[in-house]
Amino acid sequence: MQSDLIPPENWLDHPRLTRCFYTSADVVAVAKKLLGKVLVTQFDQQICAARVVETEAYRAPDDQACHAANNRRTARTETMFKAGGHAYVYLVYGLHHLFNVVTYREEAAHAVLIRAVEPLSGITTMLERRGLTSVKTQLTAGPGVLSKAMGIYRRHDGSDLCAADSPIWLVEDGHRLAPKNIQTGTRVGVDYAGADALRPWRFSIRGNTWVSKAKGSGR
DNA sequence: AAGAGGATGAACT
DNA sequence: GTTCATCCTCTTG
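Take any residue in the first sequence, count from 1 to its spot, add 6: that is its number in our numbering.
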C-alpha cells in the first residue's frame, strides 16, 4: 500500500489553469511555465495528481518535428489546430498514448508534450494502472507511461482542459521554480526533423528524479 | 489496397 | 547496446 504525499481530494480546491494560460503565442514559454504545474485526472472517482517535470514544445508550421509541420492538416493533426487549452492525445508505436496540451489560438498548431510527471496523489491507482507494486521512476517518467498511470487515452483527444466538467486538468499550487533550475535540451526521438531536431525545446526540472531517461536524451 | 514507420518502453545480450 | 511489441496514420499506387 502506497501513501499519498497529498490527499487526492485536496486538488479539487486548487484553481485550475484558465484559458489564458494556454493561449500564449509563445509555445516555448508555455512549455517552461508548465514545469511545476500539477496535472490532475479524475476517472471513476479516482483522483490522481502529479507534478509536471519535463515538457517539449512543438510548433507548426516551421518546426519540422511537429506533426502539423507546414500546417499539414490530417485527421490526426486536426486537434492541434484547436484553440489553446485542448488535449492532443495520439498513439505512437501502436502502444503508447502521448498527452499534449494545445496552445495559442485556433488555426495555429502549437502544442506541448508532457514527457514526465512526479506522482503526488492517487498513487495506488497509478500503480494498478501500470501493473506495478512499488513506486519507482518507471511509474511516470516517460510520456507513454505517465498517460497510462494517469488514465489518459486517445479517446480524450480533443477534449477541453478548461471545461468545468473536464476529467483532465492542470492546477497551480504555488510551487516555485527558479529559472536556473530549468534544464534545457533537445527533443527526444525527432531525428527525422533535420535541423529542427537541434532546437533546444525540451525542458525539465534540474535534478528531479522523475525526469525521463529517454534514449538520446543526452543529458 | 498495401506498405512503411513512428514525439516509446521493456526486456533482452 | 539491441530487439521487438503493436496498430494507427499517412503515403503511394
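We put the beta carbon where it would ideally sit given N, CA and C, even for glycine.
Using DSSP bridges, identify the partner residues of Gln52.
Phe49
With respect to the beta strand (DSSP E) encompassing Thr190, which residues constitute its N-terminal and C-terminal limits?
Going by DSSP, Thr190 is part of the beta strand (DSSP E) stretching over Ile188 to Gly191.
Tyr28 by DSSP, collapsed to three states: which one?
helix
Can Ile211 and Leu183 be called in contact, C-beta distance under 8 Å?
yes
Terminal residues of the continuous beta strand (DSSP E) containing Leu152?
Boundaries for Leu152: no beta strand (DSSP E) harbours it, while the alpha helix (DSSP H) harbouring it runs Pro149 to Met156, taken from the DSSP string.
Expressed to the nearest angstrom, what Euclidean distance is found between the alpha-carbon atoms of Ile227 and Leu40?
Residue 227 lies beyond the range of the chain shown here (7 to 225); nothing can be said about it.
Buried or exposed for Leu145, please, with buried defined as at least 16 other CB atoms from any protein chain shown within 10 angstroms of its CB.
buried
If Ala93 and Ser165 are in contact, beta carbons under 8 Å, what's the gap, nearest whole angstrom?
5 Å between Cβ atoms; contact.
How is the alpha helix (DSSP H) around Ala35 delimited, first residue to last?
In this chain, the alpha helix (DSSP H) harbouring Ala35 covers Val33 to Leu40.
Who pairs with Ala122 in a beta bridge, going by DSSP?
Glu60
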